[in-house]
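Chemist:
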Amino acid sequence: MHRLLIAEDEPAIRRVLIKIIKETFEDIELLEAVDGVHALEQLSAHECDVLLCDIKMPKKDGLEVLQWVREHRPRVSVVMISGHGDLETAVACMRMGARDYIAKPPDLNRLIEALKNALIPREFSAPTPDQPGGEKEVAFDAMLGDSSPMRALKKMIAQVAPTQARVLITGPNGSGKELVAKSLHQHSTRKQRPFIALNCAAIPTELIESELFGHVKGAFTSAVKDKVGTFEQAHQGTLFLDEIGDMSLSAQAKVLRALQESSIQRVGGDKIISVDVRLIAATNKNLALEMAQGRFREDLYHRLSVIILEVPPLSERLIDLPQLVDYFTQKVCEEQGIPRIIWHKEALTQLTKHPWTGNVRELSNSVERLIILGGNPITSSDVDRLVIKK
3 MHRLLIAEDE PAIRRVLIKI IKETFEDIEL LEAVDGVHAL EQLSAHECDV LLCDIKMPKK
63 DGLEVLQWVR EHRPRVSVVM ISGHGDLETA VACMRMGARD YIAKPPDLNR LIEALKNALI
123 PREFSAPTPD QPGGEKEVAF DAMLGDSSPM RALKKMIAQV APTQARVLIT GPNGSGKELV
183 AKSLHQHSTR KQRPFIALNC AAIPTELIES ELFGHVKGAF TSAVKDKVGT FEQAHQGTLF
243 LDEIGDMSLS AQAKVLRALQ ESSIQRVGGD KIISVDVRLI AATNKNLALE MAQGRFREDL
303 YHRLSVIILE VPPLSERLID LPQLVDYFTQ KVCEEQGIPR IIWHKEALTQ LTKHPWTGNV
363 RELSNSVERL IILGGNPITS SDVDRLVIKK
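For what it's worth, our numbering labels the leading residue of the sequence shown as 3, then goes sequentially.
#1: Where residue 100 and residue 321 are concerned, what is the direct C-alpha to C-alpha distance, given to the nearest angstrom?
#2: If you reduce the DSSP assignment to three classes, tell me which class residue 337 lands in.
#3: Taking all protein chains shown into account, do 16 or more other C-beta atoms lie within 10 angstroms of the C-beta of residue 153, making it buried, or fewer, making it exposed?
#4: Can you list the beta strand (DSSP E) stretches of 3 or more residues lying completely in the region 174–253, in chain order?
#5: Which residue from 113, 203, 261, 94 puts its Cα closest to that of residue 323?
#6: Can you check DSSP and say which residues form a bridge with residue 31?
#7: Within its chain, find whatever has a CB closer than 6 Å to the CB of residue 262; leave out the 5 residues flanking it on each side and keep chain order.
#8: Name the residue from 385, 276, 336, 108 whose alpha carbon lies nearest to the alpha carbon of residue 352.
#9: If you check the beta carbons only, do residue 299 and residue 254 fall under 8 Å apart?
#10: Going by DSSP, what residues sit across from residue 385 in a beta bridge?
#11: If distances are taken between C-alpha atoms only, which option among 284, 182, 319, 315 comes closest to residue 306?
#12: By a C-beta neighbour count over all protein chains shown, 10 Å radius and 16 as the cutoff for buried, is residue 264 buried or exposed?
#13: Taking the alpha carbon of residue 230 as the reference point, which residue from 102, 281, 275 has its own alpha carbon closest?
#14: Give the secondary structure of residue 328 by DSSP, where H, G and I count as helix, E and B as strand, and everything else as coil.
#15: Nearest to residue 92 by CA position, among 6, 65, 237, is which residue?
#16: Would you mind sorting residue 315 into buried or exposed? The rule is 16 or more other CB atoms within 10 Å of its CB.
#17: Leaving out the 5 sequence neighbours to the left and right, which residues in its chain are closer than 7 Å to residue 16 when beta-carbon positions are compared?
#18: Determine the direct distance from the alpha carbon of residue 257 to that of residue 432, and round the result to whole angstroms.
#19: In terms of alpha-carbon separation, which member of 336, 82, 70, 224 lies closest to residue 58?
#20: Looking at the structure shown, is residue 269 part of a helix, part of a strand, or coil, going by DSSP?
#21: How should residue 40 be labelled, buried or exposed, when 16 other C-beta atoms within 10 angstroms of its C-beta is the threshold for buried?
#22: Under 8 Å between the Cβ atoms of residue 1 and residue 317?
#23: Under 8 Å by Cβ, that's how I've got residue 171 and residue 182 pegged, so tell me the actual separation to the nearest angstrom.
#24: Give the straight-line distance between the Cα atoms of residue 304 and residue 113, rounded to the nearest whole angstrom.
#25: Identify every run of the beta strand (DSSP E) within the region 43–91, keeping only runs that are complete inside it and at least 3 residues long; order them along the chain.
#26: In chain order, what residues of the same chain have a beta carbon less than 6 Å from the beta carbon of residue 381, not counting five sequence neighbours either side?
#27: Please name the residue, chosen from 251, 308, 281, that lies closest to residue 292 on a Cα-to-Cα basis.
#28: Going by DSSP, name the residue or residues bridged to residue 345.
#29: What does the alpha-carbon distance come out to for the pair residue 102 and residue 148?
#30: Take residue 235 as the anchor and find which of 215, 228, 61 has the nearest alpha-carbon.
#31: In chain order, what residues of the same chain have a beta carbon less than 7 Å from the beta carbon of residue 213, not counting five sequence neighbours either side?
#32: How would you label residue 310, buried or exposed, when you count the other beta carbons within 10 angstroms and need 16 or more for buried?
#33: With 16 as the cutoff for other CB atoms within 10 Å, does residue 38 come out buried or exposed?
#34: For residue 189 and residue 246, what's the separation of their Cα atoms in angstroms?
#35: For residue 222, does the count of other Cβ atoms within 10 angstroms reach 16, so buried, or fall short, so exposed?
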């Protein structure tokens with residue numbers, strides 16, 4: 003049974019929240035707190051799974067309660083609610099570790115979704131002090147974030163990774179598709195085996211089959227020695243084919259055959275070589291349109307898309323931006339050997355006004371530019387000059 007604490011000083015709102023939760027969830031025990039101090043007393047006395055916490059409360063406000071929870075009860079998922087909903091408040095809550103943020107009056111569906119997600123264990127969270135040897139955090143940029151799209155993606159990864167199912171990852175350029183593929187591999191039974199990635203768009207058409215399947219000496223003019231292809235390199239591991247929508251129809255046919263027969267032939271060779279790979283593919287193209295126009299094989303599509311994972315663009319997960327900025331700031335400062343840079347709150351808010359068509363990759367580059375060319379602390383003027391108006 004789960005235990006949920008509602009910290010809300012307005013009795014009428016507290017009663018409504020209790021009614022909604024009781025009608026929606028089974029096997030859940032509800033606790034109440036009428037102010038911030040009462041909330042800390044309840045959290046100290048009881049093991050809670052979720053805290054639904056108002057921000058404006060007497061004695062201690064919700065942000066103080068959230069800070070205490072992160073320090074003393076890190077396993078508790080916190081959903082913040084506030085009648086003063088604005089982006090800055092949401093950003094502050096997420097930076098401090100809240101699982102979600104909801105404005106008052108709460109939308110019923112939005113509230114239920116937030117609580118359902120909060121009751122899902124954080125499969126990708128770092129070990130806490132009372133969890134020695136816990137699962138290590140997946141240190142991939144795209145996996146940072148507790149927005150609804152990222153929580154849904156992480157939940158799917160946790161379900162799919164331990165299986166042998168082939169996965170097709172979709173999403174725009176720069177959104178982190180390869181990082182999702184690596185996460186699938188690292189949480190699979192093949193994690194001790196190779197993870198081999200090949201960007202199909204970066205390989206000339208005449209060389210793609212050699213890269214995939216290898217070749218024997220003399221197969222073509224520049225084949226001066228035998229070459230092992232990516233299918234063989236990934237034997238018993240994971241093969242990630244990025245931008246598979248750019249692959250030639252000839253190569254698609256041979257990939258399909260390799261998947262059907264679990265074997266390949268090197269270019270110019272006669273020997274049948276058995277291969278055992280889990281294939282993960284990714285694309286930024288609309289493969290339905292590519293199939294309709296005869297540029298992608300429908301039979302290969304159905305082989306690849308047993309599971310489809312969609313990586314959201316950064317514009318749909320702006321609430322994750324502070325965590326991403328914090329990660330990239332630490333990374334760049336360590337790489338450049340400079341002291342940690344501070345960000346003004348207004349600078350973070352200003353970043354959310356940018357369209358981020360290049361997604362997480364563009365954000366990473368922008369943070370590095372701001373650290374090198376901006377001030378310390380980084381201000382909204384720096385963001386205007388080096389990102390917005392660039």
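We treat Cβ as the ideally placed atom computed from N, Cα and C, and that holds for glycine.
Modeler: Reading from the atomic positions:
#1: 11 Å
#2: helix
#3: buried
#4: 197–201, 240–244
#5: 94
#6: 5
#7: none
#8: 385
#9: yes
#10: DSSP, once it has assigned bridges, lists no residue as partnering residue 385.
#11: 284
#12: exposed
#13: 275
#14: helix
#15: 65
#16: buried
#17: 8, 10, 34
#18: Nothing can be reported for residue 432, as the shown portion of the chain is limited to 3 through 392.
#19: 82
#20: strand
#21: buried
#22: Nothing in the structure corresponds to residue 1, since the chain is present only between 3 and 392.
#23: 5 Å
#24: 36 Å
#25: 52–56, 79–84
#26: 346, 349
#27: 251
#28: 380
#29: 7 Å
#30: 215
#31: 200, 205, 231, 232
#32: exposed
#33: buried
#34: 23 Å
#35: exposed
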